[in-house]
Every structure is written in structure tokens, then in C-alpha cells.
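Numbering (our numbering), first residue to last: 53 to 456. What follows is a single structure, written as C-alpha cells, with notes after it.
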Amino acid sequence: MNIWTNLRKILHVDMDAFYASVEQRDDPFLLGKPVVVGGRPNSRGVVSAASYEARKFGIHSAMPLAEALRRCPQAVFLPVNGQKYREVSLQIREIFSAYTPMVEPLSLDEAFLDVTGSTSLFGPADTIALTIKKRIQQELNLTASVGLACNKFLAKLASDLRKPNGFVVVQPDRVQEFLDPLSVERIWGVGKKTAEQLHALNIKTIRDLRNLEQGYLTRLFGVSGTQLFQLAKGIDDRPVESDRVVKSIGRETTFATDVADLEVLKTALLTQAIDVGRSLRKEGFKGKTITLKVRYDDFRTVSRSRTLPRPTDLDNVIYQEACTLLREVSLKQPLRLIGVTLHNLTDQIEGQLSLFEEPQLDHETLNKVLDFVKEKYGEKSITRARLLRPKDIKEKDGENGIQV
53 MNIWTNLRKI LHVDMDAFYA SVEQRDDPFL LGKPVVVGGR PNSRGVVSAA SYEARKFGIH
113 SAMPLAEALR RCPQAVFLPV NGQKYREVSL QIREIFSAYT PMVEPLSLDE AFLDVTGSTS
173 LFGPADTIAL TIKKRIQQEL NLTASVGLAC NKFLAKLASD LRKPNGFVVV QPDRVQEFLD
233 PLSVERIWGV GKKTAEQLHA LNIKTIRDLR NLEQGYLTRL FGVSGTQLFQ LAKGIDDRPV
293 ESDRVVKSIG RETTFATDVA DLEVLKTALL TQAIDVGRSL RKEGFKGKTI TLKVRYDDFR
353 TVSRSRTLPR PTDLDNVIYQ EACTLLREVS LKQPLRLIGV TLHNLTDQIE GQLSLFEEPQ
413 LDHETLNKVL DFVKEKYGEK SITRARLLRP KDIKEKDGEN GIQV
């Protein structure tokens with residue numbers, strides 16, 4: 053009897069050094085060289101991606117670019133080209149969709165696929181996985197690492213083990229054999245603090261964790277203790293969700309030098325409000341809760357939020373509310389970062405205008421016109437008068453994002 057019968061077949065596909073690999077693919081000069089994607093090495097940004105050549109020097113994602121330069125002065129530093137990476141990501145997802153509609157993207161470069169219902173058409177799950185890998189390499193000249201297992205947790209672990217260009221299958225009857233030697237840090241939910249607590253108890257491998265009683269873990273870590281116990285046994289019942297709900301859309305700016313000038317901060321907020329509003333309209337959402345986030349020069353982070361009477365996707369509303377929230381935080385210290393995010397999103401038009409409320413039709417029409425002009429003639433074809441000033445703001449690359 054086939055040991056996979058009546059079990060889910062889940063793939064986790066993870067592109068190898070995605071941003072850096074795309075840049076190396078598109079520029080033969082970069083092949084074999086240490087490539088760091090993130091921006092100028094003398095900026096205050098962080099590494100978004102590092103090629104495997106750069107990783108040999110200890111460079112990794114989220115490392116300050118200045119540290120990456122110190123470790124590898126000969127590295128090639130490139131800005132984040134979000135538009136290009138999104139286009140390649142869509143091409144990858146088209147390949148996924150040829151084999152299953154059950155695709156759950158986690159980011160531009162990784163996704164879960166449930167191919168349980170696809171085996172009658174395309175053959176065994178391992179054949180589907182290898183076919184997807186082959187198509188990505190042949191059609192896009194990129195490599196992906198793939199894990200195949202009966203649940204998401206195991207598939208994700210498997211895809212990480214033999215990078216780059218790896219393929220690992222976790223057989224259902226060998227789950228514990230696969231898990232036991234791995235460090236406890238491999239388990240979802242085990243961060244630095246939890247790992248320190250477990251190490252203090254001489255728990256270093258998943259086998260050590262599995263041998264504890266569930267009740268003991270629950271007393272130590274609460275509800276998450278139960279989850280740790282389940283994962284240590286390879287139990288994960290979460291489905292692959294093909295329709296993920298967008299929870300927030302936001303924009304942040306990290307300044308090249310700390311900023312205390314209120315006008316510079318407001319200009320940054322206006323740029324962000326325009327970007328967020330446009331993203332909302334493009335995705336077909338409106339947001340009801342606006343959050344302002346600031347980070348001071350000592351890295352202390354403060355946020356303020358306000359829920360609006362009704363959802364909005366209008367640039368001016370987002371900007372005015374963000375400025376109002378800015379007045380609620382102290383500006384006695386200069387800021388390292390400022391950002392605005394819309395939460396509580398809806399794709400429905402909620403509520404109705406009050407008899408005394410100013411109609412928004414003119415603003416909605418204006419925003420649609422601006423969106424159209426930028427789409428057709430480019431981002432710099434039209435802008436706000438306030439933004440036509442010397443470039444006080446130098447941003448960290450790659451901070452624009454939709455969170456799900």
C-alpha cells in the first residue's frame with residue numbers, strides 16, 4: 053500500500069537567493085561575483101538579498117549594508133528593483149498554477165502548493181515537484197529549492213536543508229527520523245528568547261523537545277508550548293490557503309541621517325500617503341485604521357493609531373491623518389524612521405456620507421486621474437508641488453510592502 057494514500061501532498065518552493073539571482077541572470081558580468089542587493093553600501097539600509105558568493109563572507113539578509121561592505125569590500129552592491137522581482141515572481145506563479153490552484157504565496161520568492169488533487173493528472177507529487185523545478189530553471193534560468201511532505205511545517209523545513217537547488221522529500225513513515233536530529237531553532241515559534249530558555253533546560257534538538265511532557269511545555273510557554281509539542285512530533289494541520297487576506301498596506305522611510313525638521317517629516321509622510329493610497333486603489337481596498345510609526349535615533353519605536361468613521365483610499369485623507377498623529381508624538385529627539393500603514397482593510401464600500409460631510413467625489417476622481425497618468429507616462433510624469441523641493445530625504449531601498 054502506498055504510504056502517501058489519504059495524506060496531503062504539500063510542496064514548499066523557495067527561490068534561491070532570489071533578488072541576487074535575478075540580477076546575476078540579467079547581467080552576465082555579475083555571475084560568480086558576490087552580489088548584495090539593498091542599496092548603496094554607505095547608506096543606513098540593510099541587505100535584502102545576498103548571492104551565495106556573498107554568503108561565503110557571512111553576509112545575510114537584514115545585515116546593515118555597512119557591515120556587508122566591511123566583510124566583503126569587493127562585493128557588488130545593487131539597489132532593490134522591486135518591479136522586476138514582482139514580474140519574475142508572477143512568472144513563477146504562472147508555472148505553479150499550471151499544476152494546482154492551491155497556491156499560498158508567502159512572499160515574492162516562496163510559496164506553499166497543495167498538489168494532493170493534482171496527482172491524477174500529473175503523476176506522483178515528487179514528479180510534479182521536479183517538473184516545477186525543471187520549468188523554473190529552463191524557462192526563467194533560476195533555481196528553486198523544494199520540500200515535499202504531508203504538511204506545511206515539514207515541507208518548509210525540507211526546502212531549507214539542501215539549498216541551493218535542493219529537493220528533499222519527507223516520507224510520512226520517517227517523519228521523526230527526519231525531525232529528531234534538527235536543532236530546536238528549526239521549529240516555528242522558537243526565536244532567540246525561547247531558544248535560550250530551552251537551552252537552559254538542556255533542550256537542544258527536536259528529539260530533546262519531543263521527549264518532554266506536553267503539560268510541562270504548556271506550563272512553561274502557555275498556548276505556544278502546546279504548539280511546540282505538536283510540531284516536535286511533526287503535526288501540523290493548517291491548510292494551504294490559496295486566497296490570503298491582505299491585512300495592511302504600508303510604507304516606511306529610513307533616513308540617511310536622523311531628521312528633526314518637521315517639514316522634512318511631513319514631506320516624507322506625503323510621499324508615503326501617495327504610495328499607500330495608490331497601492332490601496334490598485335488592490336481594490338480601503339483602510340479604516342491609520343497607524344503612524346516613528347523610530348528615534350536611540351532606536352526607541354513609538355506608534356499612534358486612529359480609526360476613521362469610514363474606510364478610505366484617498367491620499368489627502370491618509371496624509372492629513374498621519375500629520376495629526378505626528379503631532380501626538382514627541383519630536384524632541386530626531387527620527388531615524390517614519391512610516392504610515394493602513395489596517396482594517398475592506399473591499400466593500402462601508403457606510404454612507406453624512407448630510408454635513410464634504411463629498412469625496414472630486415478627490416476620488418483626481419486620484420484616479422493621477423494613477424492613470426503615472427501608469428501611462430511614468431512615476432515622475434506628475435507629482436505634488438510639495439514634493440518639488442531639494443531632495444532632503446534619502447530612503448532605504450525596499451521598504452514598500454503589502455503585508456498579508
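All C-beta atoms in this analysis are idealised placements derived from N, C-alpha and C, irrespective of residue type, glycine included.
Cut-off 8 angstroms between Cβ atoms - residues of its own chain near residue i, not counting five sequence neighbours on either side
i	result
A374	L321, Q324, A325, I342, L344, V392
E409	With a pLDDT of only 42 at E409, under the threshold of 50, the placement of this residue in the model should not be trusted; the figure read from the coordinates follows. Excluding sequence neighbours, E409 sits near nothing in its chain.
D462	A query on residue 462 cannot be resolved here, the shown segment of the chain reaching from 53 to 456 and no further.
K256	S235, V236, L250
Cβ-based neighbour list, residue i, same chain, cut-off 6 angstroms, excluding 5 preceding and 5 following
i	result
P224	I55, L59, C202
D161	M67, F70
K61	V167, T168, A177
S73	L194
R380	Going by the sequence as given, residue 380 is Glu instead of Arg. If we look at E380 and ignore the five residues flanking it on each side, its Cβ neighbours are R356.
L250	V236
E402	Confidence at E402 is low in this model, with a pLDDT of 42, below 50, so its placement is unreliable and no value can be given for it.
S331	I301
A120	V88, V99, I111
V346	V354, V381, L387, I390
Among the options, nearest to residue i - alpha-carbon criterion
i	options	result
L234	N254, L209, F81	L209
I180	D68, L192, V167	V167
L192	L272, T319, I147	I147
M67	Y104, L314, V99	Y104
F129	P291, G91, R333, L283	G91
R468	F205, N217, Q228, V220	The question about residue 468 has no answer, for the chain in this structure spans 53 to 456.
S172	Y151, N133, S382, G286	Y151
S159	L142, S149, S170	L142
V227	R352, L200, A106, T246	L200
L360	S170, L377, Y348	L377
V198	K185, Q190, Q189	K185
V222	A207, L253, Q189	A207
I370	S100, R333, V88, G134	R333
A127	P93, I144, R145, S149	P93
A118	L182, A308, E293, V242	A308
L272	A247, V292, S294	A247
R259	K244, G274, Q282	Q282
A101	K245, F109, V132, C124	V132
V154	S170, G277, G274, K215	With the sequence shown as reference, residue 154 is identified as Met, and Val is not the correct amino acid for it. Of the candidates S170, G277, G274, K215, the one whose C-alpha sits nearest the C-alpha of M154 is S170.
I287	E139, A114, L231	L231
V65	E139, F109, I144	I144
K384	Q189, D350, E229, S149	D350
L280	N254, G243, P291	G243
S149	R107, Q135, T183	T183
With 16 other Cβ atoms within 10 Å as the buried cut-off, status of residue i
i	result
I390	buried
V354	exposed
I111	buried
Q76	buried
L63	buried
G329	buried
Q455	For Q455, the predicted structure reports a pLDDT of 41, less than 50, and the residue's modelled location is therefore unreliable. A value from the coordinates is still provided. Exposed, because fewer than 16 other Cβ atoms sit within 10 Å of the Cβ of Q455.
D122	Inspection of the sequence shows that residue 122 is occupied by Arg rather than by Asp. The residue is exposed, with fewer than 16 neighbouring Cβ atoms inside 10 Å.
A252	exposed
L382	According to the sequence as given, residue 382 is Ser; it is not Leu. The residue in question, S382, is exposed, as its Cβ has fewer than 16 Cβ neighbours within 10 Å.
V275	exposed
D327	buried
G241	exposed
R352	exposed
R303	buried
V96	This sequence places Arg at residue 96; Val is not what is there. That one is buried.
Beta-bridge pairing of residue i - partner residues as DSSP gives them
i	result
T305	I390
T342	The displayed chain sequence assigns Ile, not Thr, to residue 342. According to DSSP, which records beta bridges pairwise, I342 is partnered with R358, L394.
S66	According to the sequence displayed, residue 66 carries Asp and not Ser. Answer is E162, S197, bridged to D66.
P157	A163
R352	None, per the DSSP bridge assignment.
A101	V89
R347	T353, L389
C116	Looking at the sequence itself, residue 116 is Pro, so the reference to Cys does not match. P116 pairs with V98.
T171	DSSP lists no partner for T171.
F219	V198
T364	G339
Spatial neighbours of residue i in its chain, beta-carbon cut-off 7 angstroms, leaving aside the 5 residues before and after
i	result
V311	L317, P386, L387
L213	V220
N217	D68, T195, S197
K285	R262
R187	I147
E293	E156
D399	G336, F337
V140	V74, L192
K215	D68, S197
Should the segment 324-338 be regarded as contacting the segment 364-378, the criterion being three or more beta carbon pairs within less than 8 angstroms? yes
Can we say the segment 75-90 touches the segment 162-178, given the rule of at least three CB pairs closer than 8 angstroms? no
contact_flag[the segment 266-279, the segment 308-316] where n(CB pairs < 8 angstroms) is 3 or more: no
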